[in-house]
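Structure first, commentary second.
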Amino acid sequence: MALVNENFLRLPGSYLFAEIARRVSAYKTAHPSHRVISLGIGDVTRPLAPAVIKALQDATLEMASEETMRGYAPYYGYDFLIDAIVQNDFKARNIAIGADEIFVSDGAKSDTGNIGDVLSTDNIIAVTDPVYPVYVDTNVIAGRAGHLADGRWSSIEYLPCTVKNNFVPDFPKHRVDVVYLCYPNNPTGTTLTRAELEKWVKYALQHGVLLLFDAAYEAFITEANVPHSIYEIEGAERVAIEFRSFSKKAGFTGLRCGYTVIPKELKAFTDTGTEASLNELWQRRQATKFNGTAYIVQRAAEAVYSPEGKKQVDETIRFYMENAQIIKNGLDSAGLKTFGGVNAPYIWLQTPDGKSSWDYFDYLLNGLEIVTTPGAGFGKSGEGFVRLTAFGKRDETLEAVERIIHSRKT
Ligand SMILES: *Cc1c(COP(=O)(O)O)cnc(C)c1O
Numbered sequence: 000m001a002l003v004n005e006n007f008l009r010l011p012g013s014y015l016f017a018e019i020a021r022r023v024s025a026y027k028t029a030h031p032s033h034r035v036i037s038l039g040i041g042d043v044t045r046p047l048a049p050a051v052i053k054a055l056q057d058a059t060l061e062m063a064s065e066e067t068m069r070g071y072a073p074y075y076g077y078d079f080l081i082d083a084i085v086q087n088d089f090k091a092r093n094i095a096i097g098a099d100e101i102f103v104s105d106g107a108k109s110d111t112g113n114i115g116d117v118l119s120t121d122n123i124i125a126v127t128d129p130v131y132p133v134y135v136d137t138n139v140i141a142g143r144a145g146h147l148a149d150g151r152w153s154s155i156e157y158l159p160c161t162v163k164n165n166f167v168p169d170f171p172k173h174r175v176d177v178v179y180l181c182y183p184n185n186p187t188g189t190t191l192t193r194a195e196l197e198k199w200v201k202y203a204l205q206h207g208v209l210l211l212f213d214a215a216y217e218a219f220i221t222e223a224n225v226p227h228s229i230y231e232i233e234g235a236e237r238v239a240i241e242f243r244s245f246s247k248k249a250g251f252t253g254l255r256c257g258y259t260v261i262p263k264e265l266k267a268f269t270d271t272g273t274e275a276s277l278n279e280l281w282q283r284r285q286a287t288k289f290n291g292t293a294y295i296v297q298r299a300a301e302a303v304y305s306p307e308g309k310k311q312v313d314e315t316i317r318f319y320m321e322n323a324q325i326i327k328n329g330l331d332s333a334g335l336k337t338f339g340g341v342n343a344p345y346i347w348l349q350t351p352d353g354k355s356s357w358d359y360f361d362y363l364l365n366g367l368e369i370v371t372t373p374g375a376g377f378g379k380s381g382e383g384f385v386r387l388t389a390f391g392k393r394d395e396t397l398e399a400v401e402r403i404i405h406s407r408k409t
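For the sequence shown, the residue numbers in numbering that gives the first Met the number 0 are 0 to 409.
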């Protein structure tokens with residue numbers, strides 16, 4: 000008799016986006032001719048850069064001929080992509096990350112979800128609240144979360160990010176082993192300055208804590224005092240793993256490519272106190288469970304770093320960040336309170352009049368025909384907020400903001 004991993008049964012249903020879809024669909028059915036604008040889902044809308052398309056086409060043609068076709072890709076990525084990553088994402092910022100510390104993958108969701116494979120189930124983990132749900136759910140599946148009571152898992156330490164602490168989490172009150180940090184942040188769109196991240200690295204060094212740093216939105220940073228990589232901070236190579244993705248940076252959500260950095264200096268321990276290299280364990284894990292990212296996709300990712308590719312990708316990012324500005328300035332001018340949107344494509348809107356996330360979501364949907372994401376879906380501290388994304392079309396973004404401004408005047 001096959002027994003299931005009962006941890007899956009403990010997971011609450013993926014309530015958030017299913018419930019949003021249900022409410023939106025009900026509204027559209029009742030009002031078929033109305034124009035409902037979505038600023039809800041965190042997916043890109045702009046087409047891939049021409050340089051990326053060209054690389055995909057060229058690589059596809061290589062696959063058509065016996066001389067140039069490629070079979071299994073190397074487990075950790077092709078040298079051409081790893082070299083481009085080392086050069087552009089690290090050397091160009093004076094960060095000494097070696098080619099053998101980069102692991103190319105099919106995206107940051109897989110890697111942030113799978114990293115737990117190389118970590119003991121006895122680790123105590125901490126997450127910010129609100130949080131990207133992958134960090135929590137994968138720890139539930141692994142059996143690290145305890146039981147769910149009142150929206151929180153008993154064995155997970157939650158670090159609230161609120162207006163009061165300006166969305167900069169305090170250090171855990173209890174001993175923890177692993178902390179997930181996502182900056183620039185999804186869902187709040189806020190980030191940590193260099194000085195703030197330095198404090199986290201210092202804390203991790205002092206307490207022997209592993210930082211899992213998700214930098215999926217690094218490309219959206221506009222301010223000089225915000226680090227693009229945690230390895231800009233001295234000592235981070237001894238305490239941090241960094242996750243990167245081409246999804247938001249270059250519109251690869253449907254193409255799938257990302258990478259993870261695990262420095263060789265990063266050590267963890269066995270039960271009896273023997274040091275073990277996380278870089279080596281991850282090599283083993285990937286070689287066992289992953290057969291590489293598609294060749295044509297890695298060529299496409301390489302093209303992101305070509306001179307034309309950089310220019311085209313930057314243009315698209317600028318377009319999204321203009322959307323972010325339009326949303327933020329518009330809502331602020333309407334007397335609403337917003338956070339984020341400066342170094343990330345998300346605006347975290349505090350609901351007016353103390354409305355709950357879902358009540359305000361319903362008001363925006365039924366009253367103004369705008370879809371957002373209720374902050375409460377990302378954790379307890381997300382209550383009283385909704386998330387708006389800057390990934391929408393320009394005319395729809397402008398119209399949504401106009402609708403909100405108009406509604407505040409009448
Ligand atoms: C979108 C996103 C990712 C990227 O996931 P991919 O699997 O690379 O598409 C990672 N982390 C966060 C917080 C995200 O919002």
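All C-beta atoms in this analysis are idealised placements derived from N, C-alpha and C, irrespective of residue type, glycine included.
ARG143, DSSP secondary structure in three states
DSSP, reduced to helix, strand and coil, places ARG143 outside both helices and strands of the structure shown, so it counts as coil.
Looking at C-alpha atoms only, which residue of PRO159, PRO373, LYS408, ALA389 is the closest neighbour of ALA18?
Before going further, note that residue 18 is Glu rather than Ala in the sequence given. The option with the nearest alpha carbon to GLU18 is PRO373.
Measuring only the C-alpha atoms, how far is ASN322 from ASN224?
So the two alpha carbons sit approximately 22 Å from each other.
What residue from LYS53, ASP42, PHE16, THR350 has the CA that sits closest to GLY308's CA?
Nearest in C-alpha terms to GLY308, of all of LYS53, ASP42, PHE16, THR350, is LYS53.
Where does GLY334 fall in DSSP's three states?
The three-state secondary structure of GLY334, taken from DSSP, is coil.
Quick check for students: name the residue ranges of the alpha helix (DSSP H) that lie wholly in the segment 121-178, counting only runs of 4 or more.
Segments of the alpha helix (DSSP H) lying fully in the segment 121-178: 132-141.
Would DSSP call PHE251 helix, strand or coil?
Helix.
Determine which residues share a DSSP beta bridge with ILE101 and list them.
In DSSP, ILE101 forms a bridge with VAL260.
Any non-hydrogen atom of ligand 1 within 7 Å of TYR131 CB
Under cutoff, so the answer is yes.
Drop a sphere of 10 angstroms on the beta-carbon of LYS172, count the other beta-carbons inside from all chains shown, and report buried for 16 or more, exposed for fewer.
Exposed, by the Cβ-count rule.
GLU382 versus LEU204: straight-line alpha-carbon distance, rounded:
Their Cα atoms are separated by approximately 33 Å.
Quick one: what's got a C-beta closer than 6 Å to THR127's C-beta in the same chain, skipping five residues either side?
The answer, listed in chain order, is LEU158, CYS160, PRO168.
Spatially closest choice to LEU15 from ALA399, GLU398, GLU395, ARG386, by CA coordinates:
The shortest C-alpha to C-alpha distance from LEU15 to any of ALA399, GLU398, GLU395, ARG386 is the one to ARG386.
Say the cut is 7 Å; is the CB of LYS108 nearer than that to a heavy atom of ligand 1?
Judged by the Cβ position, LYS108 qualifies as a neighbour of ligand 1 at the 7 Å threshold, a heavy atom of the ligand being closer than this.
What does DSSP give as the partner residues of GLU236 in its beta bridges?
DSSP output for GLU236 lists no bridge partner at all.
How is the alpha helix (DSSP H) around GLN349 delimited, first residue to last?
Premise fails: GLN349 lies in the beta strand (DSSP E), 345-349, not in any alpha helix (DSSP H).
As assigned by DSSP and simplified to three states, the class of PHE289
Coil.
Give a yes or no on whether the C-beta atoms belonging to ILE316 and ALA218 are separated by under 8 Å.
Going by C-beta atoms, ILE316 is nearer than 8 Å to ALA218.
Once you ignore the five residues that flank ASN342 on each side, which residues in its own chain have a CB closer than 7 Å to its CB?
Its chain contains PRO183, THR190, PHE219, ILE220, THR221, GLU222, VAL225 as the residues whose beta carbon lies nearer than 7 Å to that of ASN342, once the 5 sequence neighbours on both sides are disregarded; these appear in chain order.
THR111: CB within 7 Å of a non-hydrogen atom of ligand 1:
Yes, the beta carbon of THR111 sits closer than 7 Å to at least one heavy atom of ligand 1.
So, ILE81 versus TYR230, is the Cβ gap smaller than 8 Å?
In terms of Cβ geometry, ILE81 and TYR230 do not form a close pair [threshold 8 Å].
Contact the segment 357-372 vs the segment 323-342: 3+ CB pairs below 8 Å:
Here the segment 357-372 does not lie against the segment 323-342, with fewer than 3 beta-carbon pairs under 8 Å apart.
Decide if GLN56 is buried, meaning its Cβ has at least 16 other Cβ atoms within 10 Å, or exposed.
Exposed, by the Cβ-count rule.
Excluding the five sequence neighbours on either side, which residues of its own chain have a C-beta within less than 8 Å of the C-beta of VAL400, listed in chain order?
These residues qualify, in order along the chain: ILE325, ILE326, GLY329, LEU330.
Within the segment 191-238, ranges of the alpha helix (DSSP H) (whole runs, at least 4 residues):
Complete alpha helix (DSSP H) runs here, min 4: 193-206.
For SER246 and VAL51, the rounded distance between their alpha carbons:
Rounded to the nearest angstrom, the gap between the Cα atoms of VAL51 and SER246 is 13 Å.
SER244: CB within 7 Å of a non-hydrogen atom of ligand 1:
Here the distance from the Cβ of SER244 to the nearest heavy atom of ligand 1 is below 7 Å.
In angstroms with no decimal places, state the Cα-to-Cα distance between THR371 and THR187.
For the pair THR371 and THR187, the Cα-to-Cα distance works out to about 13 Å.
Considering only C-alpha positions, which residue in the set ASN365, LYS90, ILE232, PHE89 is nearest to ARG412?
Limits of the chain in this structure are 0 at one end and 409 at the other, which puts residue 412 out of reach.
Taking the alpha carbon of GLN282 as the point to measure from, which residue in ILE261, LYS266, GLY272, GLN297 has its own alpha carbon closest?
It is ILE261 whose Cα lies nearest to the Cα of GLN282.
For GLY339, list the residues DSSP reports as bridge partners.
Paired residues: ILE346.
Three or more C-beta pairs under 8 Å: does that hold for the segment 59-75 against the segment 267-274?
The answer is no - the segment 267-274 does not touch the segment 59-75, with fewer than three Cβ pairs under 8 Å.
Closest to SER380 by CA distance: which of THR350, ARG407, GLU368 is it?
With distances taken between Cα atoms, SER380 lies closest to THR350.
Note the first and the last residue of the continuous beta strand (DSSP E) segment covering ARG386.
DSSP places ARG386 in the uninterrupted beta strand (DSSP E) bounded by 384-388.
TYR134 and ASN185 - do their beta-carbons sit closer together than 8 Å?
Not closer than 8 Å, so no.
I'd like the list of long-range same chain contacts for GLY41, defined as Cβ closer than 6 Å, with 5 residues on each side in sequence excluded.
Cβ contact annotation for GLY41 (same chain, cutoff 6 Å, sequence separation greater than five): THR388, in chain order.
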